[in-house]
Every structure is written in structure tokens, then in C-alpha cells.
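First the structure, in the form of C-alpha cells, and then the observations on it.
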Amino acid sequence: MILNLLRTLSLVIGFLPLYLATQLPAQETISNEALSNSSVGIEGHFHFKWQGEALEVAPIPEDSPVLVRIANVTMETLDSNQANYDIRWLALLPGDHDLSIFFRYGENRPAELPPMIVHADSLLGSDHEGNLANLPGTLSPVIDFPAWVLWAVVGFWLVLPLIILGVLRWMRPPPPEPVVEVVLTIADKLRPFVDQALAGELDSEGKAALERLLLAFWRDDLNLGSFRHAEALQAMRKHEVAGELIVTIERWLHSGKETDANTEQVEKLLQPYKSMAAEKVVPE
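Sequential numbering of the sequence shown, starting at -12, is according to our numbering.
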């Protein structure tokens, strides 16, 4: 039994070199068959050594399944005319493509080159029907976030100006309250003298100032311009409205004590003098 096992082992070892000899060339042929491998839409490249006339890319037809260009040309040595071509290619269709047919020496002089086989793989599977993939809930496979985020951003930018306007309006100081200019009337100028007369404290100088104000106020209405001071006072005392204030004050002063007149009575005495601004009356 051991003898049979040794015979079988010797046969396997004998056939192993023969098997490797038949397999290795096939693998080398497959690997060397394509000068470059890439995918559809992705640029591939390889280097091609050529000794002879300079090569250039011929005009490529519009329906060509592959595009070719020479990226760079370098000389191996300064003395030799062997050049190293950097060939770039871009496949539009999957499969094997021979690039040698795209080169020429010059106008109407196609180059005689060995086959330049390149292989392009398809990015899609063989069973793909050409439909676009639907990515639910996302904008794109590159920007991977839910679609509602886009609407949130748009809504934020629409609402932002309103928020800014609201904040600015809230921060704006309130407008100042309108200043009401107080216009002094003849009644306002007469009131201090009336109050002093009520308290029994109006002196002769104050009484004279009071009389000048009253004469200035009634000068035009009673035609007092041609009267002397004493005559004008006498004429004013005789008038029903003009004489009421001056007669009442004289009565308060002659009483020699504080008068018990109320506020309503004082306001009634001053009522005729509230309609004219004090600046319009200039005492003589």
C-alpha cells in the first residue's frame, strides 16, 4: 500500500511542471493582451516606446467609441531616436479597443503600428436597464442628508429678514414724547397778584403792575389810549367785565386781612384774561 502511494505521488510530481508550463503562458497572454485597463468615462494611460517617425493623433470621428491623445513625448537618450509616448485614452463604450488606428505620421499617412489593445469596464452591471436610481429622502449620494433639511434652510432664509426687522424694531428707542409748549396768558401773569391780594400781601408796587397789565389788556376794547392813567382806571372800573377784577382786588386790599374767597371765584375773575397770550400785551 505504501508502494502504491509513492507511485501516485511520483505521478503528481511529474505532471505538475507540465501543468504549470501550460498555464503560465496563458496567464501571461491574458495579462499582456491589454496595454491599459480602465472604466468607461475614466481616463486611462500607458507608455508606448517607438523608434521611427514621430507619431501624432489623427482626427477622431464623432462616433468613435474611444478618445485618444498624446500627453507627453520624451526621448530615451539624446543620441537615439527612440521616443517614449505617454498615451491617454477615454472610453465611451465598454470592451476592448485598438488605439493603433488613431495614429499617423502626418497628413494622409497612417502609421503602421502593432495593435494597442486597451480594455474598458462598464461601471454598471450587465443586467442594468439604464434607469436612474431613485434615492428616497436624500438630495444626492454626495450630499447625504434628508430632503427636509433643504426646505428647512429655505424657510430659514425666508423668515430671517422678518426676524431681523423685528429685532431692529424692538431695539429702536421709542420716539420722544412731543413737547407741548406752554403759552403764558394774561391770566397767568395776573394770578400771582391775585394770590397776593387774597393773602393781603399785595404792596403798592404789585398793585401798580397789576393796573398796568389790566390797562394794556383793555386799552383797545375800551378806547383807553387817550386817557390819563387815573382816568383810564376810572373808566375801567365802570365797565361791567373790566372793572370786576380791579374792584374785587381793591375791596380785598381795603379789608386789610386774608380773604376767604374760594378757587372758583378766582378762576371766574381770571376767565376773561385766559384767551390772550401774555406776549401780545405790552404794559406801558
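Quick reminder that beta carbons are idealized off the backbone N, C-alpha and C, glycines included.
Residue i in three-state terms, based on DSSP
i	result
residue 13	Only weak support is given to the placement of residue 13: the predicted model assigns it a pLDDT of 38, under 50, and the question is left unresolved by the model.
residue 50	coil
residue 64	coil
residue 78	strand
residue 179	helix
residue 193	helix
residue 87	helix
residue 184	helix
residue 259	helix
residue 99	coil
residue 7	Confidence at residue 7 is low in this model, with a pLDDT of 46, below 50, so its placement is unreliable and no value can be given for it.
residue 254	helix
residue 148	helix
Bridge partners - residue i, DSSP secondary structure assignment
i	result
residue 30	Residue 30 is not bridged to any residue.
residue 165	In the DSSP output, where bridge partners are listed per residue, residue 165 has none listed.
residue 37	70
Closest residue to residue i among the options (Cα-Cα distance)
i	options	result
residue 198	186, 187, 219	219
residue 21	175, 87, 68	87
residue 196	110, 167, 222, 233	233
residue 189	239, 203, 171, 150	239
residue 203	176, 186, 191, 187	176
residue 59	194, 32, 264, 187	32
residue 45	208, 57, 168	57
residue 65	48, 38, 142, 250	38
residue 260	89, 200, 221, 235	200
residue 253	213, 262, 207, 180	180
residue 95	42, 144, 226, 250	42
residue 174	263, 92, 48	263
residue 89	49, 210, 110, 207	49
residue 100	35, 217, 209	35
message: Contact between the region 67 to 85 and the region 48 to 58 is defined here as three or more beta-carbon pairs at a separation below 8 Å; is this criterion met?
response: yes
query: Which runs of the alpha helix (DSSP H) fall wholly inside the region 203 to 252 and span at least 4 residues, in chain order?
result: 216 to 225, 229 to 242
message: Quick test of the definition: if touching needs 3 or more C-beta pairs under 8 Å, does the region 22 to 38 touch the region 97 to 106?
response: yes
- request: Determine, using beta-carbon pairs with one atom in the region 131 to 144 and one in the region 154 to 170, whether at least three such pairs fall under 8 Å.
  value: no
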